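Here is the structure we will look at.
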Amino acid sequence: MELNRTFTHMHQDREIRFSVTYDINTHSFNVVEDDSINYMLTFNSATREWTTTEDPKPSIPVAELAQLVQQHFGVFV
């Protein structure tokens with residue numbers, strides 16, 4: 002199973018490059034934006050809510066990021 006995805010997304014006239022790796026141990030996603038910003042994206046199955054680590058914040062809303070990650074991995078929760 003391929004656990005890495007790389008994709009770009011236009012947000013407010015800016016193209017952002019995302020490199021995302023799924024961690025099978027924590028069931029979270031390590032996200033790197035433009036090879037410089039790094040944070041974790043996680044899904045809480047009890048609350049059905051997507052969140053990221055506190056800092057740095059993603060350049061796009063968490064809900065939008067979660068949709069993109071799910072779309073590129075082909076799995077929706």
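If you're matching positions, the sequence shown starts at 2 in the working numbering and goes up one per residue. Beta carbons are placed, not taken as given, at the ideal position from N, Cα and C, and that holds for glycine. Only a predicted model underlies this, so the values are computations on that prediction, with no experimental measurement involved.
Short of 6 Å from the beta carbon of Glu16, and not among the five residues preceding or following it, lie these beta carbons of its own chain, in chain order: Thr9. Where Glu65 is concerned, there is no enclosing beta strand (DSSP E), although the alpha helix (DSSP H) around it starts and stops at 63–74. Taking C-beta separations shorter than 7 Å and ignoring five residues to either side along the sequence, the partners of His12 in its chain run Ser60, Ile61, following chain order. Annotation: Glu55 to Leu66 spans about 15 Å, alpha carbon to alpha carbon.
The residues Asn31, Val32, Val33, Pro57, in chain order, have a CB closer than 8 Å to that of Asn39 in the same chain once the five nearest residues on each side in sequence are set aside.
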